[in-house]
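Under the UniProt record's numbering, think of the first position of the sequence shown as 1, with each following residue one higher. Here a beta-carbon is modelled for each residue, glycine too, at the ideal position from N, C-alpha and C. No experiment lies behind these values; they were computed from the predicted model shown.
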Amino acid sequence: MNDVKSLIVNKNVWLLYIMAVILTLIVIYYQWMIGLFLSIVLGLIIYLGLRTEERLKKKTEQYISTLSYRVKKVGEEALLEMPFGIILFSDEYQIEWANPYMNNFFGADETLIGENLSELSEDIISAIKDEDEEFWVKIDDKTYQVIIKREEKLLYFFDRTSLANLDTQYHNEETVLSIIYLDNYEELTQAMDDTSKSHMNSQVTSILNNWSSEYGFYLKRTSQERFLAVMNREILEKLEASKFEILDEVRELISDQNVPLTLSIGIGRGTSNLPELGEMAQSSLDLALGRGGDQVAIKNEHGKVKFFGGKTNPMEKRTRVRARVISHALRELVNESEKVIIMGHQMPDMDSIGSSVGILKMVQQNNKDGFIVFDPDGVNTGVQKLIDEIDEDESLADWFITPEQSLDIVSKNTLVVVVDTHKPSMVMEEKLLSRTEHVVVIDHHRRAEEFIDDPTLVYMEPYASSTAELITELLQYQDGRVKLSTLESSALLAGIIVDTKSFTLRTGSRTFDAASYLRSKGADTVFVQKLLKEDLDVYIRRSELIKNAIVYKEGVAIAKGRSGESYGPIIIAQAADTLLTMDGVQASFVISERKDDKIGVSARSLGDINVQVIMEQMNGGGHLTNAATQLEDTTLEQVEEQLRDIIDEYLQGGDSS
Numbered sequence: 001m002n003d004v005k006s007l008i009v010n011k012n013v014w015l016l017y018i019m020a021v022i023l024t025l026i027v028i029y030y031q032w033m034i035g036l037f038l039s040i041v042l043g044l045i046i047y048l049g050l051r052t053e054e055r056l057k058k059k060t061e062q063y064i065s066t067l068s069y070r071v072k073k074v075g076e077e078a079l080l081e082m083p084f085g086i087i088l089f090s091d092e093y094q095i096e097w098a099n100p101y102m103n104n105f106f107g108a109d110e111t112l113i114g115e116n117l118s119e120l121s122e123d124i125i126s127a128i129k130d131e132d133e134e135f136w137v138k139i140d141d142k143t144y145q146v147i148i149k150r151e152e153k154l155l156y157f158f159d160r161t162s163l164a165n166l167d168t169q170y171h172n173e174e175t176v177l178s179i180i181y182l183d184n185y186e187e188l189t190q191a192m193d194d195t196s197k198s199h200m201n202s203q204v205t206s207i208l209n210n211w212s213s214e215y216g217f218y219l220k221r222t223s224q225e226r227f228l229a230v231m232n233r234e235i236l237e238k239l240e241a242s243k244f245e246i247l248d249e250v251r252e253l254i255s256d257q258n259v260p261l262t263l264s265i266g267i268g269r270g271t272s273n274l275p276e277l278g279e280m281a282q283s284s285l286d287l288a289l290g291r292g293g294d295q296v297a298i299k300n301e302h303g304k305v306k307f308f309g310g311k312t313n314p315m316e317k318r319t320r321v322r323a324r325v326i327s328h329a330l331r332e333l334v335n336e337s338e339k340v341i342i343m344g345h346q347m348p349d350m351d352s353i354g355s356s357v358g359i360l361k362m363v364q365q366n367n368k369d370g371f372i373v374f375d376p377d378g379v380n381t382g383v384q385k386l387i388d389e390i391d392e393d394e395s396l397a398d399w400f401i402t403p404e405q406s407l408d409i410v411s412k413n414t415l416v417v418v419v420d421t422h423k424p425s426m427v428m429e430e431k432l433l434s435r436t437e438h439v440v441v442i443d444h445h446r447r448a449e450e451f452i453d454d455p456t457l458v459y460m461e462p463y464a465s466s467t468a469e470l471i472t473e474l475l476q477y478q479d480g481r482v483k484l485s486t487l488e489s490s491a492l493l494a495g496i497i498v499d500t501k502s503f504t505l506r507t508g509s510r511t512f513d514a515a516s517y518l519r520s521k522g523a524d525t526v527f528v529q530k531l532l533k534e535d536l537d538v539y540i541r542r543s544e545l546i547k548n549a550i551v552y553k554e555g556v557a558i559a560k561g562r563s564g565e566s567y568g569p570i571i572i573a574q575a576a577d578t579l580l581t582m583d584g585v586q587a588s589f590v591i592s593e594r595k596d597d598k599i600g601v602s603a604r605s606l607g608d609i610n611v612q613v614i615m616e617q618m619n620g621g622g623h624l625t626n627a628a629t630q631l632e633d634t635t636l637e638q639v640e641e642q643l644r645d646i647i648d649e650y651l652q653g654g655d656s657s
């Protein structure tokens with residue numbers, strides 16, 4: 001009100017009054033009659049001015065009083081008629097007041113007052129406790145954006161159902177591209193006559209067309225062994241929920257043949273850029289094929305990959321055409337390079353060392369200098385006997401160098417050959433990969449998400465028993481007669497024997513062919529058995545792990561070490577292998593603390609259970625029958641609980657990773 005008065009009673013007007021009075025007094029002093037007249041006139045002016053000011057003041061106060069009432073009335077009406085919800089709550093999260101908009105949740109005759117916020121949604125109290133400023137919540141069939149005023153204990157609910165429905169529609173209609181590939185179509189049809197081939201093509205096309213019609217997506221055959229599918233995100237989610245049963249349908253189609261027909265599917269999603277979507281689909285397909293086929297790989301815009309299937313072992317390829325092509329390509333790369341550096345994975349096993357020796361002989365066969373990167377401090381007891389034998393052979397030991405020495409001799413024209421792994425984080429010296437432009441990867445493991453960037457040549461065959469088997473085949477296609485000493489050929493044979501558990505697992509006809517070739521080159525099986533002999537202490541420690549084993553589910557055995565007692569990765573793996581030999585055990589898992597303060601899990605299977613996808617869900621990997629993982633910042637009990645949950649999900653049909 002003081003502000004209003006200050007607007008009415010202008011200080012300048014009062015200043016004029018004062019000046020007029022002073023002038024009137026001066027006139028009275030000199031001319032009293034004129035001054036008296038002016039005094040009367042001035043008095044009337046001041047009187048009328050004050051009367052006018054008083055009337056204006058009362059009128060203004062009346063207007064302001066009326067306006068305040070109207071504003072208050074409008075505020076009350078607006079508060080009750082607002083098209084969004086308002087709730088006041090107590091310290092105990094009880095609703096103290098809610099506008100009619102919110103009361104509509106409980107019907108016209110009910111009120112929210114006195115109810116707990118959890119009656120609306122459990123997420124509301126959690127968001128308040130988490131000190132969120134706003135969050136989205138679904139109540140009944142509506143979606144709300146909730147603004148939290150924590151100091152006032154006030155919640156605003158804005159209906160965002162239309163926006164959420166639009167977002168869901170956009171999500172569901174997102175374009176998804178898929179490439180479907182018949183894994184072994186060529187091998188299966190090369191011995192067929194035209195009638196049989198036509199009949200098989202008709203069956204496959206019919207099954208896939210029925211599948212596309214059932215789920216409502218577009219399918220087009222682009223070649224004898226390749227299909228293109230266009231769908232949306234909603235359809236893809238339905239396919240994921242079905243676990244892509246089409247893989248089983250196609251596999252069962254040719255079940256009476258020696259070589260079953262299988263599918264590999266690469267799917268790209270998560271971007272509106274169609275060329276990028278196509279590249280993601282092709283990349284996913286390459287990943288599925290690199291893991292042995294008979295599975296689905298789905299890659300999103302962030303590069304994350306989800307896998308389904310992969311229940312069967314990769315089928316052994318009966319033709320050696322690719323081995324001959326790779327062998328010739330590798331020979332050309334060796335001849336074009338200044339020198340060759342060979343490295344396997346950290347903590348090398350028999351397969352890694354034997355494979356490295358095999359590549360070294362191939363390099364020397366082409367009159368080039370080759371070096372094997374080996375860390376003496378990172379050797380485990382399982383290969384120490386082989387390393388001791390190599391140290392006594394000067395012609396071989398001179399070509400073994402440390403990781404530090406390899407960094408001194410590498411150049412841009414050096415060829416780096418990585419064997420028995422394809423993960424940059426696992427190689428003997430990762431810095432070598434960035435010091436040269438020429439990298440070759442030779443591996444028998446199923447391809448994982450982590451992969452060496454831009455390799456010049458990749459030879460990955462998951463069907464193979466070992467990398468030593470692949471390299472033995474490559475040696476046979478080199479120009480001239482490859483000379484292998486007894487130690488060198490025995491090292492390769494040891495790699496095959498260890499990875500096949502003495503030719504009992506992942507063994508095909510080509511595995512025996514490779515072993516036969518090595519035997520002809522002087523491989524000594526008795527010498528290999530001496531290399532594989534173990535210490536009594538190791539045997540006892542392994543037995544300690546095995547005696548704690550339990551049969552968790554039918555065919556699944558789990559062994560857990562004691563807390564505070566660490567075991568090496570070799571002992572953990574051997575314990576899993578031993579459990580697999582027990583009657584009725586189809587898959588084995590051994591959990592133990594390691595010397596590097598991690599929790600190690602080693603998994604083995606006879607093939608009916610895919611331990612690879614189980615280990616991948618624990619940030620590990622490997623083969624269908626042989627996998628492992630290492631976990632940090634956890635306990636044995638937590639790892640066992642996590643493993644049991646994943647096994648339960650897998651056995652119930654959730655075999656995706």
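Worksheet item: Based on the DSSP secondary-structure assignment, which residues constitute the bridge partners of Trp136?
Response: Gln145
Item to complete: Pull up the distance between the alpha-carbon of Ala573 and that of Val590, whole angstroms please.
Response: 8 Å
Worksheet item: Per DSSP, which one or two residues make a beta bridge with Thr634?
Response: The partner list for Thr634 (beta bridge, DSSP) is empty, contrary to what the question assumes.
Worksheet item: Within the chosen definition, does the segment 632-641 reach the segment 594-605 through at least 3 CB pairs nearer than 8 Å?
Response: yes
Discussion item. Please identify the residue among Lys431, Lys423, Met428 and Asp453 whose C-alpha is closest to the C-alpha of His444.
Written reply: Lys423
Worksheet entry | Of the listed residues Ala587, Ile18, Leu505 and His302, nearest to Ser39 (C-alpha basis) | Ile18
Practice prompt. Quick one: grab the DSSP three-state call for Trp97.
Written response: strand
Worksheet item: Looking at C-alpha atoms only, which residue of Ala575, Asp183 and Ala323 is the closest neighbour of Tyr477?
Response: Ala323
Discussion item. Using only the alpha-carbon positions, how far apart do Asp499 and Glu279 sit?
Written reply: 35 Å
Worksheet item: By DSSP, does Tyr17 sit in helix, in strand, or in coil?
Response: helix
Fill in: 7 Å Cβ cutoff met for Asp294 and Thr262
yes
Worksheet entry | Three-state secondary structure assigned by DSSP to Ile28 | helix
Discussion item. Measuring straight from C-alpha to C-alpha, what distance separates Ser355 and Ala468?
Written reply: 5 Å
Item to complete: Find the nearest neighbour of Ser283 within the set Arg447, Glu544, Leu407 and Asp140, judged by alpha-carbon distance.
Response: Arg447
Worksheet item: Just curious, the beta strand (DSSP E) that Arg604 is in, first and last residue?
Response: Ile599 to Ser605
Practice prompt. Would you kindly work out how many angstroms separate the C-alpha atoms of Leu636 and Met347, rounded to a whole number?
Written response: 23 Å
Worksheet entry | DSSP beta-bridge partners of Ala329 | Answer is none; Ala329 lacks a bridge partner.
Practice prompt. Assign Tyr47 to one of two classes, buried (16 or more other C-beta atoms within 10 Å of its C-beta) or exposed (fewer than that).
Written response: exposed
Practice prompt. Find out if the Cβ-Cβ distance for the pair Leu177, Leu277 is shorter than 7 Å.
Written response: yes
Worksheet item: If you check the beta carbons only, do Gly35 and Ile45 fall under 7 Å apart?
Response: no
Practice prompt. Under 8 Å by Cβ, that's how I've got Arg594 and Tyr567 pegged, so tell me the actual separation to the nearest angstrom.
Written response: 7 Å
Practice prompt. Can you have a look at Asn273 and say buried or exposed, based on whether 16 or more other CB atoms are within 10 angstroms of its CB?
Written response: exposed
Discussion item. Nearest by alpha-carbon distance to Phe582: which of Ile550, Gly216, Ile570 and Leu15 is it?
Written reply: Residue 582 is actually Met in this sequence, not Phe. Among Ile550, Gly216, Ile570 and Leu15, the Cα nearest to that of Met582 is on Ile550.
Practice prompt. Note down, in chain order, each residue of its chain lying with its Cβ closer than 7 Å to the Cβ of Glu301, except the 5 sequence neighbours on either side.
Written response: Gly270 and Thr271
Worksheet item: For the candidate residues Ile471, Lys385, Glu437 and Lys412, whose alpha-carbon lies nearest to that of Val419?
Response: Ile471
Practice prompt. Keeping to the same chain, check which residues put their C-beta closer than 8 Å to that of Val440; ignore five residues upstream and five downstream.
Written response: Leu330, Leu333, Leu415, Val416, Val417, Val418, Pro455, Thr456, Leu457, Val458 and Tyr459
Item to complete: For the beta strand (DSSP E) containing Asp577, list its first residue and its last residue.
Response: Run containing Asp577: none in the beta strand (DSSP E); it sits in the alpha helix (DSSP H), Pro569 to Leu580.
Item to complete: Return the first residue and the last residue of the alpha helix (DSSP H) that Glu565 is part of.
Response: Glu565 -> no alpha helix (DSSP H), and no H or E assigned at all.
Worksheet item: Can you pull the DSSP bridge partners for Ala229?
Response: Ser178 and Leu219
Worksheet entry | Proximity winner among Val585, Glu225, Pro569 and Leu487, relative to Glu394 (alpha-carbon distances) | Leu487
Discussion item. Between which residues of its own chain and residue 684 is the CB-CB distance below 7 Å, once the five residues before and five after are set aside?
Written reply: Since the first residue shown for the chain is 1 and the last is 657, residue 684 is missing from the structure and cannot be characterised.
Item to complete: Could you check the C-alpha separation between Ile647 and Leu518 for me, to the nearest Å?
Response: 40 Å
Item to complete: Count the other CB atoms, across all protein chains shown, that sit within 10 Å of the CB of Thr504; report buried if there are 16 or more and exposed otherwise.
Response: exposed
Practice prompt. Put Asn2 into one of helix, strand or coil per three-state DSSP.
Written response: Unreliable placement is indicated for Asn2, whose pLDDT of 48 sits below 50; the coordinate value is still reported in the next sentence. Helix at Asn2.
Fill in: Meets three-Cβ-pair contact criterion under 8 Å: the segment 398-408 and the segment 428-439
yes
Worksheet item: Any idea if Asn275 is buried or exposed, counting beta-carbon neighbours within 10 angstroms, 16 or more meaning buried?
Response: It is Pro, not Asn, that sits at residue 275 in the sequence shown. Exposed, since its Cβ has fewer than 16 Cβ neighbours within 10 Å.
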